[in-house]
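Written out below as structure tokens is the structure these notes cover.
Number of protein chains: 2
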Amino acid sequence: MRVTISDVAREAGVSASTVSRVIHDNPRISTETKVRVRDAMEQLHYVPNALARGLARSSTGNLGLILPNSSDNLFMNPFFIEAMRGIGVEAQSRGYNIMFSFSNNEEEEVGFIRNYIHSRWVDGIILLASRENDRCMAYLQDRGFPFVVVGRPEDAGSALWVDNDNFHAVYNATNLLIDRGSRCPAFAGGPEAFSVTRDRLNGFRQALRIRGLRDDDGMVGFGADFSEAEGSRTMERILSAGTPDAVVTTDDHIAFGVLEALENAGAGTVAVVGFNNTLRGRYQRPTLSSVDVNPAALGAGAAGLLIDHVRGVGEPVDHRIVDTVLIERETTAPERFPPSAER
Amino acid sequence: MRVTISDVAREAGVSASTVSRVIHDNPRISTETKVRVRDAMEQLHYVPNALARGLARSSTGNLGLILPNSSDNLFMNPFFIEAMRGIGVEAQSRGYNIMFSFSNNEEEEVGFIRNYIHSRWVDGIILLASRENDRCMAYLQDRGFPFVVVGRPEDAGSALWVDNDNFHAVYNATNLLIDRGSRCPAFAGGPEAFSVTRDRLNGFRQALRIRGLRDDDGMVGFGADFSEAEGSRTMERILSAGTPDAVVTTDDHIAFGVLEALENAGAGTVAVVGFNNTLRGRYQRPTLSSVDVNPAALGAGAAGLLIDHVRGVGEPVDHRIVDTVLIERETTAPERFPPSAER
DNA sequence: TTGTAAGCGTTATCAA
DNA sequence: TTGATAACGCTTACAA
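Which chain is which? The protein sequence lines are A and B, in order. According to our numbering, the residues represented by the first sequence are 1 to 343, in order. According to our numbering, the residues represented by the second sequence are 344 to 686, in order.
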């Protein structure tokens with residue numbers, strides 16, 4: 001019933017190896033037989049058996065995707081499905097399939113990886129990590145198995161990774177605020193210890209510098225964490241130094257706190273930009289402008305980098321940086337900016 | 344470097360076929376050799392090569408998942424990721440892997456299916472359809488390839504499918520409202536032509552009947568579609584017949600319209616239940632109580648049904664019905680019910 | 001209870 | 001430019 005390579009060979013009057021060569025576009029094969037074989041394949045609706053091919057080549061054309069241990073409602077965040085979509089689309093366009101696993105804990109995660117690797121289902125692994133994925137990374141690095149991490153690992157080592165461009169995200173957002181008329185923007189970040197916070201602050205400062213605005217330390221604040229409450233406190237601290245005409249934050253939750261503090265201080269119409277483009281930002285009032293980290297691009301980048309790597313093609317880079325997109329909503333509407341801004 | 348079945352055989356001093364038999368728990372094998380082989384496998388960290396196994400058995404232990412053509416922001420809806428999670432967890436627990444594809448259009452969808460089937464990557468296919476998936480279903484049915492549809496197909500034919508329990512969802516919701524003190528609940532549905540609407544109305548009526556409440560036709564309304572605007576109109580029609588003390592709807596968007604109409608009629612505190620547990624319902628004010636269709640259970644059910652089918656185990660059923668869950672939020676808070684309800 | 005040997009459908013090496 | 005033939009690693013009659 002199912003048609004194999006020998007069926008095609010018989011039909012075309014050649015040997016199986018010739019058919020195989022035609023399939024792989026082997027240059028040293030006469031155009032004539034090429035055509036004959038192609039016709040036969042067409043006629044018989046021949047599709048190569050991927051398992052046999054994989055066995056013979058010892059490579060599958062599959063990538064394994066490990067999703068994080070999310071007991072809670074982590075998946076409420078569209079990040080994951082969008083990242084999966086990016087991964088899927090990129091992989092498809094390059095002839096790869098994706099196998100995925102949802103883990104419940106780190107133990108399981110490693111188990112899935114082991115299974116993928118040792119039963120030889122996949123040629124490489126994509127780690128879609130919500131946290132530091134130590135055990136998985138360690139396991140993969142131990143075995144020298146190709147993998148890529150979405151999100152820059154604290155200790156990258158030899159790992160491939162893809163992350164968004166934190167510096168430019170905030171640089172661009174700040175620039176936009178200045179374009180709109182802001183002359184005294186503030187920065188409300190998370191803990192200064194995190195490199196993402198510092199990267200983003202650098203983006204903020206760079207924008208001020210280039211646009212010739214004063215870089216006032218009083219207008220820069222950090223929180224102890226990324227929570228709404230800390231966002232409020234940070235904003236209050238900033239307000240005690242003066243009232244900014246726009247605020248850039250490093251997380252939507254911080255932004256929610258900032259909005260609240262501004263409201264309480266009677267400055268409820270100051271422009272605010274969040275980060276991560278959460279759902280709440282979409283639905284609350286006022287709707288929150290936010291930097292979208294472009295999860296689809298992140299996923300596509302990861303898949304592409306990994307495929308380049310396992311194929312041994314492309315530049316030998318070990319990471320990619322993905323552009324972000326500022327999603328504009330009510331909190332950066334033009335009417336939130338001082339009228340002096342109008343040209 | 345990589346250890347094969349013959350390595351294990353050599354180590355255990357038996358033949359490869361014996362090892363294979365031990366792996367598959369063949370009954371007619373001495374306990375002694377079984378132990379010896381198991382030890383050897385352990386010691387060598389042996390894991391069978393899935394490709395070779397699949398080739399020999401002509402079955403892979405993989406299922407293909409086809410996601411709908413969603414150019415837009417369909418994936419904003421947590422339904423998909425949750426369904427994927429259910430599918431993944433169920434498949435994993437039964438030793439199956441999932442391969443997925445995102446399609447951009449029906450053409451592509453069929454292409455992926457063809458690829459999965461003919462290159463023999465998968466043993467069965469799960470269709471996670473947002474619409475009537477005619478071409479895919481037709482293609483699969485034509486070839487007699489095992490597949491399951493999430494969501495009841497209009498014309499199921501011989502297809503396997505999994506759907507949620509529309510009758511009980513509304514039956515239970517109505518019962519809850521009555522428990523809370525409602526004595527005159529209303530029903531605001533979508534088009535009566537849809538079987539889901541009728542199933543849900545039956546659930547509503549059954550609850551009234553069993554609880555001895557009057558089934559007043561004036562308290563039942565249908566809309567021309569599932570939109571917010573139609574929800575408002577439907578509610579206005581109901582209000583012209585009298586004021587209910589609670590409203591069950593068949594969609595969150597209808598519920599949003601209902602809430603608006605109630606508000607306009609000065610009955611803004613009447614309890615309301617939506618359906619499908621959309622994100623907007625979570626974040627708007629008041630937060631909307633809604634029937635969650637339990638996408639994870641739907642996914643798990645689909646995977647389970649398909650696996651049973653391809654394995655030829657389990658009862659020979661062609662569908663499964665999955666329970667829903669009522670997510671309670673502000674629109675069914677106790678204070679929305681008449682105090683006479685207190686016992 | 002265990003071993004031998006013939007597939008499963010490709011690819012790759014070596015001759016021709 | 002093409003064809004045998006031996007892997008690839010496992011399963012499964014068929015024998016023993």
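Just so it is clear, CB atoms sit at the ideal spot from N, CA and C, and this is done for glycine as well. These numbers come from a predicted model, not from an experiment.
Straight-line Cα distance separating residue j from residue i
i: Thr540 of chain B; j: Ala138 of chain A; result: 53 Å
i: Leu631 of chain B; j: Gln141 of chain A; result: 47 Å
i: Asn405 of chain B; j: Met442 of chain B; result: 7 Å
i: Asp382 of chain B; j: Asp134 of chain A; result: 30 Å
i: Arg94 of chain A; j: Val665 of chain B; result: 37 Å
i: Val313 of chain A; j: Leu305 of chain A; result: 10 Å
i: Leu387 of chain B; j: Leu394 of chain B; result: 19 Å
i: Ala224 of chain A; j: Phe187 of chain A; result: 15 Å
i: Ser71 of chain A; j: Asp506 of chain B; result: Low confidence applies to Ser71 of chain A: its pLDDT is 49, below 50, so where it sits in the model is not reliable enough to give any reading.
i: Gly301 of chain A; j: Arg285 of chain A; result: 34 Å
i: Cys527 of chain B; j: His253 of chain A; result: 42 Å
i: Leu176 of chain A; j: Val150 of chain A; result: 28 Å
i: Asp560 of chain B; j: Ala614 of chain B; result: 19 Å
i: Gly144 of chain A; j: Arg320 of chain A; result: 20 Å
i: Ala516 of chain B; j: Pro370 of chain B; result: 52 Å
i: Glu606 of chain B; j: Glu579 of chain B; result: 11 Å
i: Gly124 of chain A; j: Arg495 of chain B; result: 36 Å
i: His652 of chain B; j: Glu658 of chain B; result: 9 Å
i: Ile117 of chain A; j: Ser290 of chain A; result: 39 Å
i: Glu497 of chain B; j: Ile348 of chain B; result: 49 Å
i: Ser158 of chain A; j: Tyr96 of chain A; result: 23 Å
i: Gly642 of chain B; j: Tyr514 of chain B; result: 23 Å
i: Arg21 of chain A; j: Pro48 of chain A; result: 12 Å
i: Ala9 of chain A; j: Trp464 of chain B; result: 23 Å
Cβ pair residue i, residue j closer than 9 Å
i: Leu128 of chain A; j: Phe147 of chain A; result: no
i: Glu691 of chain B; j: Glu603 of chain B; result: Residue 691 of chain B lies beyond the range of chain B shown here (344 to 686); nothing can be said about it.
i: Ile66 of chain A; j: Ser119 of chain A; result: no
i: Arg543 of chain B; j: Thr621 of chain B; result: no
i: Arg523 of chain B; j: Thr674 of chain B; result: no
i: Gly281 of chain A; j: Ala255 of chain A; result: yes
i: Val14 of chain A; j: Val37 of chain A; result: yes
i: Ser232 of chain A; j: Gly257 of chain A; result: yes
i: Ser525 of chain B; j: Ala589 of chain B; result: yes
i: Ala303 of chain A; j: Ala91 of chain A; result: yes
i: Val325 of chain A; j: Asp292 of chain A; result: yes
i: Ser101 of chain A; j: Glu107 of chain A; result: no
Residue-level contact to chain A via CB, residue i, 9 Å cutoff
i: Ser349 of chain B; result: no
i: Phe599 of chain B; result: no
i: Leu602 of chain B; result: no
i: Leu410 of chain B; result: yes
Beta carbon proximity, residue i to chain B, threshold 9 Å
i: Gly54 of chain A; result: yes
i: Pro191 of chain A; result: no
i: Arg344 of chain A; result: Nothing can be reported for residue 344 of chain A, as the shown portion of chain A is limited to 1 through 343.
i: Asn49 of chain A; result: yes
i: Ile81 of chain A; result: yes
i: Leu44 of chain A; result: no
i: Thr344 of chain A; result: Only positions 1 to 343 of chain A appear in this structure, which leaves residue 344 of chain A out of reach.
i: Arg38 of chain A; result: no
i: Arg2 of chain A; result: yes
i: Ser71 of chain A; result: Any reading at Ser71 of chain A is ruled out, since the residue's pLDDT is 49, under 50, leaving its predicted position unreliable.
Go through the segment 587-614 of chain B residue by residue and report every complete run of the beta strand (DSSP E) that reaches 3 residues or more, in order.
-> 589-592
If contact means a Cβ-Cβ distance below 7 Å, which residues of the segment 84-104 of chain A contact chain B?
-> Arg85, Gly88, Val89, Gln92, Asn97, Ile98, Met99, Phe100, Ser101 and Phe102
Could you run through the segment 276-299 of chain A and flag, in chain order, every residue whose CB is less than 9 Å away from some CB of chain B?
-> Leu279, Arg280, Arg282, Tyr283, Gln284 and Arg285
Segments assigned alpha helix (DSSP H), at least 4 residues, entirely inside the segment 37-101 of chain A = 50-57 and 79-93
Going along the segment 456-490 of chain B in order, which residues come within less than 7 Å of chain A, judged by CB to CB distance?
-> His461, Ser462, Arg463 and Trp464
Please name the residues in the segment 304-336 of chain A whose beta-carbon is closer than 9 Å to at least one beta-carbon of chain B, in chain order.
-> none
Please list the segments of the beta strand (DSSP E) lying wholly inside the segment 164-218 of chain A, counting only runs of 3 or more residues, in order along the chain.
-> 185-189
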